[in-house]
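Novice:
Residue numbers (the working numbering): 2 to 616.
In structure tokens:
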């Protein structure tokens, strides 16, 4: 029969709408600004009396506490607004001191029964939720210097293996210079080194005594090293951001030497900056013997002691060989980092330690930093950045037996330092130092304004569409508007289920979806009118309207969907947010405009004879 759906179709539509309603509900419960207190050491020891005293100090400062939640490892204090949140964080940090970590947080307020169904609200982007924006610049000169240092170390090892005597090794700008006892040693070294290092151009140097060899990187090699430095830093920064647990971060290259990092929802910018911009790495070196030539040694201070030690210039392994690292505590309760090496690193470590049992091995902590000073140039203040590197020994221990893929690092100051070092080693070291060229913080208040304006635009668009459909199509307009509301619910539910990030361009996609959703109904209703003018009965006109408009609707939406998929595949950031919302909106629009409205029309008109439709 015309205009009748089987029962299973009605049940399917009802099921889809019910699921959509449930999984869109968490978006009605926004996150609460909160302050989280956790221990900087092992066990959490904040007792009830201390907690009551802290609550009292917040109340005395006119900070309204919404609730206090305590678990085994932390205390979460929910507050009313972001301004009070920042004030509370500062007060609690001062009251608790260095033994506790007080961090800003956004605590979910989704009811437990929705959480039991794995329902959660949409993730908000940087422009809505607030967060931090960093523009980082890669130090290309340091990238070249680091690569040259590594190559120089490998060259020295090769020459020692072949028993070719050399003296000084100098690294400057794009070249390495080495001195030899005579021209025969230089020529033999040149033949040997050039075979393993084809990226250099080789030239002889005249010396007063002996002979010299200069090795200069080619332009192609320099470009490859710089590209590698930026790409490797991109990978490392993405790993670090993932360790921070930030939803939908943006880490992308900008120009030849810059990287953009955006962290939505991050409020503790100091902690984010410390992790993202940290350039710490480790080197494992043997302590120099008393008879080691001075040219092969370097002296470094201990990090926590007023003494120095002389180390070999050659590096056993670096932090790049670390496959995993975790913080823990030794038998005396002091912080340590448990290290696991990859296959190559484990082999090198075993080879170096099994032949040096009884000798000391140092863990050298390396950190690249930047000094900034303001100078006057042409009457304007200009910030001049001067990169520098700090190296210090954090551990010097005797090799008791041959080491393998697993060992531990001790000598760290605090559990926080151990946790940060473990995180940096897990995520990988930077191929070149970076510094912050620009830093912007988008506060939660700006996010709230953006959300309000976005919601207002959706409301205005929705009202205009609803008014047009009611005026133009009367009863059928009511059906289309009900389907439009279902479409919005399904779109929000789909984005929540998929974990898609909602941004301002995404809200624009929602507004566009609302217009496209009724576009299909306009085609159907106009077709029904045309069929009735052609002499068909009301029931036949409804059937023909839906059947004959189907192809046009699908063709138009598939074309738009393809464009949205292309935008998603080649776009970044806001473009992707718009493409995701538009793609999901097209799918939900097809479902509501073709199936939901047809079901409602069938229920209303399909069971009774009619001579005229109110359309």
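Quick reminder that beta carbons are idealized off the backbone N, C-alpha and C, glycines included.
The model shown is predicted, which means the values in this text are computed figures rather than measured ones.
#1: CA-CA distance, residue 292 and residue 140?
#2: Buried or exposed, going by whether 16 or more other CB atoms sit within 10 Å of the CB of residue 546?
#3: Measuring alpha carbon to alpha carbon, tell me which residue in 614, 434 and 492 is nearest residue 235.
#4: To the nearest angstrom, how far is it from the Cα of residue 151 to the Cα of residue 80?
#5: Which value, in whole angstroms, describes the spacing of the CA atoms of residue 43 and residue 344?
#6: To test your reading of the DSSP string, which unbroken alpha helix (DSSP H) runs of 4 or more residues are found completely within the stretch 336-372?
#7: Given a threshold of 16 other Cβ atoms within 10 Å of its Cβ, counted over all protein chains shown, does residue 401 qualify as buried or as exposed?
#8: Identify, in the order they occur along the chain, each residue of the same chain with its Cβ nearer than 8 Å to the Cβ of residue 20, setting aside the five sequence neighbours on each side.
#9: List in chain order: all unbroken beta strand (DSSP E) runs of 3+ residues lying wholly within the stretch 273-324.
#10: Would you list, in sequence order, the uninterrupted beta strand (DSSP E) runs of no fewer than 3 residues that lie entirely inside the stretch 178-249?
#11: How far does the beta strand (DSSP E) with residue 52 in it extend, from its first residue to its last?
#12: Give the range of the beta strand (DSSP E) segment to which residue 602 is assigned.
#13: Residues in its own chain within less than 8 Å of residue 587 by CB, not counting five upstream and five downstream?
#14: Can you tell me the Cα-Cα spacing of residue 154 and residue 240, whole angstroms?
#15: Cutting at 7 Å between CB atoms, please list the residues of its own chain near residue 160, excluding the five before and the five after it.
#16: DSSP on residue 474, reduced to helix/strand/coil?
#17: Cα-Cα, which of 508, 163 and 610 is closest to residue 575?
#18: Does the Cβ-Cβ distance between residue 1 and residue 47 come in under 8 Å?
#19: Measure how close the beta-carbons of residue 32 and residue 110 come, nearest whole angstrom, since I'm counting them as under 8 Å.
#20: Going by alpha carbons, who is nearest to residue 30 out of 12, 121, 59 and 86?
#21: So is residue 560 in contact with chain E if we call contact Cβ pairs under 8 Å?
#22: Just to confirm, are residue 474 and residue 526 a CB contact at a threshold of 8 Å?
#23: Specify the secondary structure class of residue 267 as computed by DSSP and reduced to three states.
#24: Check whether the Cβ atoms of residue 550 and residue 528 lie closer than 8 Å to each other.
#25: Return yes when the Cβ of residue 398 is within less than 8 Å of the Cβ of residue 361, no when it is not.
#26: I'd like to confirm the pairing. Which residues does DSSP put opposite residue 34 in its beta bridges?
#27: Please list the segments of the alpha helix (DSSP H) lying wholly inside the stretch 65-153, counting only runs of 4 or more residues, in order along the chain.
#28: Would you be able to state if there are at least three C-beta pairs under 8 Å between the stretch 216-236 and the stretch 248-262?
#29: How about the stretch 585-600 and the stretch 489-506: do they share at least three Cβ pairs that are nearer than 8 Å?
#30: Please report the distance separating the alpha-carbon of residue 9 from that of residue 569.
#31: Specify the secondary structure class of residue 328 as computed by DSSP and reduced to three states.
#32: When you compare only the Cα positions, how much space is there between residue 219 and residue 28?
#33: For residue 392, which three-state DSSP category applies?
#34: Measuring CB to CB, does residue 476 end up less than 8 Å from residue 597?
Specialist: Working from what's here:
#1: C-alpha separation (whole angstroms): 37 Å.
#2: By the neighbour-count rule (16 or more Cβ atoms within 10 Å), residue 546 is buried.
#3: With respect to the C-alpha of residue 235, the residue from 614, 434 and 492 having the closest C-alpha is 434.
#4: If you take the alpha carbons of residue 151 and residue 80, they lie about 52 Å apart.
#5: Residue placement at residue 43 is poorly supported in this model, since its pLDDT is 45, which falls under 50; the coordinates still yield a value, given next. Their backbone Cα atoms lie some 32 Å apart in a straight line.
#6: With a minimum length of 4 residues, the unbroken runs of alpha helix (DSSP H) contained wholly in the stretch 336-372 fall at 344-355.
#7: Residue environment analysis places residue 401 among the exposed positions, since fewer than 16 neighbouring C-beta atoms fall within 10 angstroms of its C-beta.
#8: Contacts found: 494.
#9: Considered as a whole, the stretch 273-324 harbours 282-287, 298-302 and 309-313 as its complete beta strand (DSSP E) runs of no fewer than 3 residues, in chain order.
#10: DSSP runs (the beta strand (DSSP E)) wholly in the stretch 178-249: 201-207 and 212-218.
#11: Boundaries for residue 52: no beta strand (DSSP E) harbours it, while the alpha helix (DSSP H) harbouring it runs 49-61, taken from the DSSP string.
#12: Where residue 602 is concerned, there is no enclosing beta strand (DSSP E), although the alpha helix (DSSP H) around it starts and stops at 598-606.
#13: Sequence-distant Cβ neighbours of residue 587 in its own chain, meaning closer than 8 Å and more than five residues away, are 514, 517, 558, 561, 562 and 565.
#14: If you take the alpha carbons of residue 154 and residue 240, they lie about 29 Å apart.
#15: Counting only Cβ-Cβ distances below 7 Å, and skipping sequence neighbours, we find 167 and 190.
#16: Note: residue 474 maps to helix in three-state DSSP.
#17: Cα-wise, what sits closest to residue 575 is 508.
#18: Beyond the ends of the chain as shown, which are 2 and 616, falls residue 1; an answer cannot be given.
#19: The Cβ separation is near 6 Å, so the contact holds.
#20: Of all alpha-carbon atoms in 12, 121, 59 and 86, the one lying nearest the alpha-carbon of residue 30 is that of 121.
#21: No chain E appears in the structure shown, which is made up of a single protein chain.
#22: A contact, by the Cβ cut-off of 8 Å.
#23: If DSSP states are grouped into helix, strand and coil, residue 267 belongs with coil.
#24: Contact: yes.
#25: Cβ atoms of residue 361 and residue 398: closer than 8 Å.
#26: Answer is 107.
#27: Runs of the alpha helix (DSSP H) inside the stretch 65-153: 83-97, 113-116 and 127-130.
#28: The stretch 248-262 vs the stretch 216-236: in contact.
#29: By the Cβ rule, the stretch 585-600 counts as touching the stretch 489-506, because three or more pairs are nearer than 8 Å.
#30: Put simply, the backbone Cα of residue 9 is about 35 Å away from that of residue 569.
#31: Strand at residue 328.
#32: Spanning the two alpha carbons is a distance of roughly 57 Å.
#33: If DSSP states are grouped into helix, strand and coil, residue 392 belongs with the strands.
#34: No. Outside cutoff.
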